[in-house]
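Encoded as structure tokens, the structure appears first; notes follow it.
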Ligand code: HEC
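Structural data, given as structure tokens:
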């Protein structure tokens with residue numbers, strides 16, 4: 029009786045691992061894809077910053093995309109997804125609050141950028157966004 033219970037429990041464990049394993053294996057790729065998309069938008073902002081040609085519509089569009097991607101990012105760190113080919117630092121799982129603070133800060137900077145409509149304000153808002161990206165990477169992205 030007891031033996032068979034253990035056997036069943038063992039089998040359930042194997043099945044669970046088979047089911048969950050591949051799902052989690054894809055998560056680091058999802059994280060990378062989201063960050064690549066963030067970078068695509070960020071490059072447009074860099075372009076605006078360098079050219080000095082302020083384009084409110086483009087800035088607002090790309091900043092909205094960054095904010096939406098940072099929302100998606102929130103759910104891509106379930107327990108168990110810290111393994112594998114990832115540059116996500118183990119500190120994310122040890123310090124969820126700090127990671128969420130960094131994510132919210134960057135998201136707020138992006139939302140703020142969507143509302144900018146003059147070149148003078150753009151510089152400060154863009155700097156704030158850059159600092160927020162770097163702030164999270166310095167703490168939570170392994171090199
Ligand atoms: C809350 C934390 C956080 C914020 C904010 C953040 N990042 Fe990231 N970023 C990460 C982590 C973690 C990774 C590594 C993901 C992995 O490998 O699983 C990463 C990876 C990247 C990568 C590499 C993607 C690849 O090819 O593997 C780029 C590019 C990037 N981030 C750009 C940005 C930019 C630009 C911003 C700001 C607009 C930003 N990130 C904001 C945490 C953050």
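Residue numbers (this note's numbering): 29 to 171. Using N, Cα and C, we set each Cβ at its ideal position, and we do this for glycine too. From a predicted model like this one, the values you see are computed outputs, not experimental measurements.
Can you round the beta-carbon distance between residue i and residue j to whole angstroms, since I take them to be within the 8 Å contact cut?
i           : j           : result
residue 137 : residue 160 : 5 Å
residue 124 : residue 164 : That belief does not hold up - the Cβ atoms of residue 124 and residue 164 are roughly 13 Å apart, past 8 Å.
residue 91  : residue 105 : Not quite, the Cβ-Cβ distance comes to about 23 Å (not below 8 Å), so this is no contact.
residue 62  : residue 100 : 5 Å
Would you kindly work out how many angstroms separate the C-alpha atoms of residue i and residue j, rounded to a whole number?
i           : j           : result
residue 77  : residue 133 : 21 Å
residue 170 : residue 97  : 20 Å
residue 48  : residue 156 : Because residue 48 sits at a pLDDT of 49, beneath the cut-off of 50, its placement in the model cannot be relied upon, and the point is left open.
residue 144 : residue 56  : 33 Å
residue 122 : residue 69  : 30 Å
residue 59  : residue 52  : 11 Å
residue 119 : residue 94  : 23 Å
residue 158 : residue 168 : 15 Å
residue 126 : residue 75  : 30 Å
residue 85  : residue 102 : 26 Å
residue 81  : residue 72  : 12 Å
residue 45  : residue 66  : For residue 45, the pLDDT reaches just 48, beneath the cut-off of 50, and the residue's location in the model is therefore unreliable, although a value from the coordinates is still provided. Each residue's Cα considered, the two are about 32 Å apart.
residue 129 : residue 112 : 25 Å
Is residue i a contact residue of the ligand HEC, with contact defined as CB to any heavy atom under 8 Å?
i           : result
residue 52  : no
residue 79  : no
residue 75  : no
residue 60  : yes
residue 106 : no
residue 94  : yes
residue 120 : yes
residue 56  : yes
residue 142 : no
residue 66  : yes
residue 153 : no
residue 88  : no
residue 82  : no
residue 133 : yes
Would you list the one or two residues that DSSP bridges to residue i?
i           : result
residue 116 : 169
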